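Peer 1: Residue numbers (the numbering used here): 1 to 254.
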Ligand SMILES: NC(=O)c1ccc[n+]([C@@H]2O[C@H](COP(=O)([O-])OP(=O)(O)OC[C@H]3O[C@@H](n4cnc5c(N)ncnc54)[C@H](OP(=O)(O)O)[C@@H]3O)[C@@H](O)[C@H]2O)c1
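1. Taking the straight line between their C-alpha atoms, what separation do you get for residue 23 and residue 192?
2. Determine the burial state of residue 55: buried for a count of at least 16 other Cβ atoms within 10 Å of its Cβ, exposed for fewer.
3. Going straight from the alpha carbon of residue 131 to that of residue 249, what length do you get?
4. Mind checking residue 142: buried by the 16 CB within 10 Å criterion, or exposed?
5. Which residues in the same chain have their Cβ closer than 7 Å to the Cβ of residue 83, if we skip the five residues on either side of it in sequence?
6. How is the alpha helix (DSSP H) around residue 239 delimited, first residue to last?
7. What does the alpha-carbon distance come out to for the pair residue 115 and residue 98?
8. Who are residue 86's beta bridge partners in DSSP?
9. Within the chosen definition, does the segment 161 to 176 reach the segment 105 to 124 through at least 3 CB pairs nearer than 8 Å?
10. Give the DSSP-derived three-state secondary structure of residue 152 in the structure shown.
11. Residue range of the alpha helix (DSSP H) that residue 61 falls in?
12. Which of the three DSSP states is assigned to residue 197 in this structure?
13. First and last residue of the beta strand (DSSP E) that includes residue 270?
14. Quick one: complete alpha helix (DSSP H) runs, 4+ long, within the segment 12 to 47?
15. Ligand 1 and residue 219: does the residue's C-beta get closer than 7 Å to at least one heavy atom of that ligand?
16. Is the beta carbon of residue 151 within less than 7 Å of some heavy atom of ligand 3?
17. Distance, Cα to Cα, residue 79 vs residue 233?
18. Ordered along the chain, which non-local residues of its own chain (more than five positions away) have a Cβ less than 8 Å from that of residue 203?
19. Does ligand 1 have even one heavy atom less than 7 Å from the beta-carbon of residue 96?
20. Sorry if obvious, but does the Cβ on residue 136 come closer than 7 Å to a heavy atom of ligand 1?
21. Express the C-alpha separation of residue 20 and residue 93 in angstroms, rounding to a whole number.
22. Buried or exposed: where does residue 244 fall if 16 or more other Cβ atoms within 10 Å of its Cβ makes it buried?
23. Helix, strand or coil: which one does DSSP assign to residue 113?
24. What I want to know is whether the C-beta of residue 88 ends up closer than 7 Å to one or more non-hydrogen atoms of ligand 1.
25. Taking the alpha carbon of residue 185 as the reference point, which residue from 41, 223, 172 has its own alpha carbon closest?
26. Is the CB-CB distance between residue 7 and residue 135 below 8 Å?
27. So residue 38 and residue 12 are supposed to be a Cβ contact under 8 Å. How far apart are they, rounded?
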């Protein structure tokens, strides 16, 4: 049985499932992983876009696996089509910057179902598989928006805060099972998601830089993969300040 610390050091020859691989950070990370010698399983809802991403990948033995992660039944069926798996990366999310002051219950429910229930769906199916196999790695994507309740993205921020909490629980619970759990906390990255924003996004980075940071973090020991560090450390500080100061700062940052 390989020690998870040994298997973590390289992705070469490993099978990595990315949920949210059709665009942005997920598509760029798929490319970086394939360049590093991994076999990538690409998932999201749009099959045609996944096919296009798949055509850009290096290497061989990649798999296109479209499904809707909001549905547990679809998640189970999709997972049954995977033969080998070493790591999973949950990057799927929906976001709408115009939610403030608006009670769009349908969008709130979609956010809860994709961003949060989706994580539970994936964790549920892969954990028992990794337990049986004796090792594995689970990477969940939070956000700096989950560090502190930033304005203009209520359901998004709330689901990201929940993912941080969940990743912390899973890290502790899975240590004895030889399953590594990591939390990915991006700052601003230029993607179709952030293209929706009309406010200034400080220290924004490219998807290539984000993918490089994720790949480096997946093969390192630390629990959290956060980037760009100058920005993420700044937002982390908000968590530890008294509220009267953190609210003032969060207004400036948003
Ligand atoms: N960009 C940033 O600045 C930033 C900052 C912090 C955190 N993040 C996080 O990074 C991750 C990637 O974001 P991104 O910026 O790359 O966004 P993106 O380009 O909009 O990608 C989102 C991905 O989620 C997939 N998705 C959405 N709903 C889904 C569903 N029901 N089932 C399966 N897949 C679904 C989308 O594919 P389909 O539409 O084809 O389903 C797409 O591949 C997200 O978790 C996001 O919250 C991003």
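Ideal placement from N, C-alpha and C gives every residue a C-beta, glycine not left out. In this text, all values refer to a predicted model and were calculated from it rather than measured experimentally.
Peer 2: Short version:
1. Translated into the one-based positions of the chain shown, residue 23 becomes position 23. Translated into the one-based positions of the chain shown, residue 192 becomes position 192. Distance between the alpha carbons of residue 23 and residue 192: 7 Å.
2. Working through the chain shown from its first residue, we reach residue 55 at position 55. So residue 55 counts as exposed.
3. The residue labelled residue 131 in the question sits at position 131 within the chain shown. The residue labelled residue 249 in the question sits at position 249 within the chain shown. Approximately 43 Å between the Cα atoms of the pair.
4. As a first step, residue 142 must be located in the chain shown, where it is residue number 142. Flag for residue 142 reads buried.
5. Translated into the one-based positions of the chain shown, residue 83 becomes position 83. Closer than 7 Å at Cβ, skipping near neighbours: no residue.
6. Numbered from its first residue, the chain shown carries residue 239 at position 239. Looking at the DSSP string, the run of the alpha helix (DSSP H) that includes residue 239 is 229 to 240.
7. If you number the chain shown from 1, residue 115 lands on position 115. If you number the chain shown from 1, residue 98 lands on position 98. C-alpha separation (whole angstroms): 17 Å.
8. In the chain shown, counting from the first residue as 1, residue 86 sits at position 86. Residue 86 pairs with nothing; no bridge assigned.
9. yes
10. As a first step, residue 152 must be located in the chain shown, where it is residue number 152. Coil at residue 152, not helix or strand.
11. Working through the chain shown from its first residue, we reach residue 61 at position 61. Residue 61 -> no alpha helix (DSSP H), and no H or E assigned at all.
12. Here residue 197 refers to the residue found at position 197 of the chain shown. Residue 197 falls in the coil class under three-state DSSP.
13. Because the chain here runs from 1 to 254, residue 270 falls outside it and cannot be looked at.
14. 24 to 35
15. Locating residue 219 in the chain shown gives position 219, counting from the first residue. No.
16. Summarising the ligand content, the structure contains ligand 1 and does not contain ligand 3.
17. By one-based count along the chain shown, residue 79 stands at place 79. By one-based count along the chain shown, residue 233 stands at place 233. Roughly 36 Å between the two C-alpha positions.
18. Within the chain shown, numbered from 1, the residue matching residue 203 stands at position 203. Excluding residues within five positions, the ones whose Cβ falls inside 8 Å are 187, 188, 228, 230, 231.
19. Counting from one through the chain shown, the residue named residue 96 turns up at place 96. Because no heavy atom of ligand 1 lies under 7 Å away, the Cβ of residue 96 does not count as near it: no.
20. Here residue 136 refers to the residue found at position 136 when the chain shown is read from its first residue. No; taking the cut-off as 7 Å, the Cβ of residue 136 has no heavy atom of ligand 1 nearer than that.
21. Mapped onto the chain shown, residue 93 falls at position 93. Mapped onto the chain shown, residue 20 falls at position 20. The alpha-carbon atoms of residue 93 and residue 20 are separated by roughly 7 Å.
22. Sequence index remark: in the chain shown, residue 244 carries index 244 (1-based). When all chains shown are included, residue 244 counts as exposed.
23. Translated into the one-based positions of the chain shown, residue 113 becomes position 113. Three-state result, residue 113: helix.
24. As a position in the chain shown, residue 88 is number 88, starting the count at 1. Flag unset: Cβ of residue 88 not near ligand 1.
25. By one-based count along the chain shown, residue 185 stands at place 185. Among 41, 223, 172, the Cα nearest to that of residue 185 belongs to 223.
26. For the purposes of this step, residue 7 is identified with residue 7 of the chain shown, where counting begins at 1. For the purposes of this step, residue 135 is identified with residue 135 of the chain shown, where counting begins at 1. Yes.
27. Residue 38 sits at position 38 when you count from the first residue of the chain shown. Residue 12 sits at position 12 when you count from the first residue of the chain shown. Sure, about 7 Å apart at Cβ, within 8 Å.
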